[in-house]
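J.: According to UniProt numbering, the sequence shown is numbered sequentially starting from 1.
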Amino acid sequence: MALTVALRYGGIALQFVILMILARRLDPEDYGRYLLVLSAVLPTYFLLGLGVSETFVRDAPKLEARGEPDQVRALLGTTLTFALANAAVVALTGGLLLSLLPLDTSTWIQVAFILAFFVANGLMFNGAQLLLGVGAKGLGAFFFYPAVNLSLAVSAVPYVVLAHQPTFSGVALATSVASLIVAAFALLLVVRRVRPGPPSIGVTRHLVRVGLRLSAARGLYAAGIWLPTFIAGLALSPVQAGYLGTAGRLAVAVGAITAAVRFAIRPTIVRAFEAQDRQAIKLICGRLATVTLVITLAAVVVSSVAGHWLISAAFGADLAPAAPLLTVLLVAVAIEAYAGPIDEVLKMTGHENRVLAIFCVAVPLATVALLGVAHWGVMAMAWVQVLYTLAVFGAMIVVLHRYWGIWIHPILPGSRTVRAGSRDEI
1 MALTVALRYG
11 GIALQFVILM
21 ILARRLDPED
31 YGRYLLVLSA
41 VLPTYFLLGL
51 GVSETFVRDA
61 PKLEARGEPD
71 QVRALLGTTL
81 TFALANAAVV
91 ALTGGLLLSL
101 LPLDTSTWIQ
111 VAFILAFFVA
121 NGLMFNGAQL
131 LLGVGAKGLG
141 AFFFYPAVNL
151 SLAVSAVPYV
161 VLAHQPTFSG
171 VALATSVASL
181 IVAAFALLLV
191 VRRVRPGPPS
201 IGVTRHLVRV
211 GLRLSAARGL
221 YAAGIWLPTF
231 IAGLALSPVQ
241 AGYLGTAGRL
251 AVAVGAITAA
261 VRFAIRPTIV
271 RAFEAQDRQA
281 IKLICGRLAT
291 VTLVITLAAV
301 VVSSVAGHWL
311 ISAAFGADLA
321 PAAPLLTVLL
331 VAVAIEAYAG
341 PIDEVLKMTG
351 HENRVLAIFC
361 VAVPLATVAL
371 LGVAHWGVMA
381 MAWVQVLYTL
391 AVFGAMIVVL
401 HRYWGIWIHP
411 ILPGSRTVRA
421 GSRDEI
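This is the structure we're talking about:
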């Protein structure tokens, strides 16, 4: 678990080094366009394989525990084949549309960048999930977190540093090529670790039936995070999207422990669910919530006192308006921290439909609200994000209590709940 958290923070630190360099070397318009691409890709790339790799993560530990390695191989082969086929369909369809639609050069480059980066991140995500499902947690976490940023550090960063006048199109090309190479390497490692079995239509139906719900919930979760940036770019300007996107990335960095552990603990949740060990699930969520909430509240204080100076020093004075936005968005992170990885608990215990229903209601409402307050500026949009987070995670806490009879909340060391039994060591 510590390795996963370290890789997560390493990836975030590298991401911010990259963003700082891009912010200083690109003009504000191109930097805003870059964040607009991120806001389109990062909430959606999970959908590339329609969630089949997430189903694999849920099913593979059960099959391993039952001593059925051939079933794991068949599951792996079907998952890998389906993800690659989806990537090919997306690439061909997107390429065809780009060749037919009457787009100007600037828009064509932006759409092509979105397409290539979507395929690369989607394949990398599926590779990371497959590595996690076959027991390679460290490799899975590496490809899920710092790998894509490492690829940018050796491609886009040298380009903007060495080029006399770096452009958005140059960044797009460097980023796309490097990320596609890393994605291919992740899939190669999967095949080398476990020899895939032949794909099966019956297994495909099962993977897609469950995976669609899991991937939709994950995609909507990510959409909720990036939605303010995307709408700011469309309704206001790329520069305003740059402010909100930078603040949003910094806020996500503070809550990275939850995100990192959310990725790694899914097999653990599945095993606890199989044993009907509700106390174990409550403790893993509560302990994580405590750590993340303390860090987030400290970050709120630091941001409110020194945020303007810190952002100006790191990203340049042009992005100083992101400072008050960061303080507001950290309130949303604190709300999510209180609940811990509750969404993964619900999805891994068979309640993915309820998670999906919550997001299906909340995301459209948030979209309407963001569009409605956009004329008041990005600060109003940041407060919409806070209300959205409160509604989503409050609903999940209520749902988990209804079906499992446990309340999720931060748990202090030495509390009665922690001393309740020996099964709490997950």
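Ideal placement from N, C-alpha and C gives every residue a C-beta, glycine not left out.
Going by the beta-carbon positions, is the gap between glycine 94 and valine 111 smaller than 9 Å?
T.: yes
J.: Assign alanine 366 to one of two classes, buried (16 or more other C-beta atoms within 10 Å of its C-beta) or exposed (fewer than that).
T.: buried
J.: Should leucine 339 and cysteine 285 be called a contact, given that it needs their Cβ atoms to be closer than 9 Å?
T.: Correcting the residue type first, residue 339 is alanine in the shown sequence and not leucine. In this structure, cysteine 285 lies closer than 9 Å to alanine 339 by Cβ.
J.: Under the three-state reduction of DSSP, which class applies to proline 28: helix, strand or coil?
T.: helix
J.: From isoleucine 342 to alanine 156, what does the alpha carbon distance come to, in whole angstroms?
T.: 36 Å
J.: What runs of the alpha helix (DSSP H), each 4 residues or longer, lie entirely inside the stretch 311-383?
T.: 322-339, 342-348 and 352-373
J.: Please state the DSSP three-state secondary structure of alanine 83.
T.: helix
J.: Tyrosine 221: buried (16+ other C-beta within 10 angstroms of its C-beta) or exposed?
T.: Counting of Cβ neighbours within 10 angstroms places tyrosine 221 among the buried residues, the total reaching 16 or more.
J.: Express the C-alpha separation of leucine 250 and arginine 8 in angstroms, rounding to a whole number.
T.: 13 Å
J.: CB leucine 346 to CB methionine 396, shorter than 9 Å?
T.: Taking 9 Å as the Cβ cut-off, leucine 346 and methionine 396 qualify as a contacting pair.
J.: On the three-state DSSP scale, how would you describe serine 151?
T.: In this structure, serine 151 counts as helix in the three-state DSSP scheme.
J.: Whether or not the stretch 77-96 and the stretch 121-138 are in contact is what I'm after, with contact meaning three or more pairs of Cβ atoms, one per stretch, closer than 8 Å; do they touch?
T.: yes
J.: Suppose the cutoff is 7 Å on Cβ atoms and the five residues either side in sequence are ignored; what does the same chain contact list for proline 410 look like?
T.: Taken in chain order, the residues that qualify are Gly286, Ala289, Thr290, Leu293 and Tyr338.
J.: If you draw a straight line from the alpha carbon of methionine 348 to that of arginine 266, how long is it in whole angstroms?
T.: 7 Å
J.: Going along the chain, which unbroken runs of the alpha helix (DSSP H) with 4 or more residues stay wholly within the stretch 214-262?
T.: 238-254
J.: On the CB-based measure, 16 or more other CB atoms within 10 Å of its CB, does glutamate 352 come out buried or exposed?
T.: buried
J.: Out of curiosity, what's the CA-to-CA distance linking alanine 374 and leucine 98?
T.: 30 Å
J.: Suppose the cutoff is 6 Å on Cβ atoms and the five residues either side in sequence are ignored; what does the same chain contact list for threonine 417 look like?
T.: Its pLDDT being 49, under 50, threonine 417 is placed unreliably in this model, and the value from its coordinates should be taken loosely. Same-chain partners within the cutoff: Ile411.
J.: What are the boundary residues of the alpha helix (DSSP H) that includes threonine 175?
T.: That run of the alpha helix (DSSP H) goes 168-193.
J.: Using a Cβ-Cβ cutoff of less than 6 Å, which residues in the same chain neighbour alanine 235 once the five nearest sequence positions on both sides are dropped?
T.: Cβ within range, chain order: Ala374.
J.: Among the candidates Trp404, Leu325 and Ile408, whose CA atom is the shortest distance from the CA of methionine 379?
T.: It is Leu325 whose Cα lies nearest to the Cα of methionine 379.
J.: Does the distance from the CB of alanine 186 to the CB of phenylalanine 117 come in under 9 Å?
T.: The Cβ atoms of alanine 186 and phenylalanine 117 do not sit closer than 9 Å to each other.
J.: Distance, Cα to Cα, histidine 308 vs alanine 332?
T.: 19 Å
J.: Can you list, in chain order, the residues of its chain with a C-beta nearer than 7 Å to that of arginine 423? Leave out the 5 residues immediately preceding and following it.
T.: Reliability of the predicted coordinates at arginine 423 is poor, the pLDDT of 38 falling under 50, and the value obtained from them is presented with this limitation in mind. Counting only Cβ-Cβ distances below 7 Å, and skipping sequence neighbours, we find Asp277, Gln279 and Ala280.
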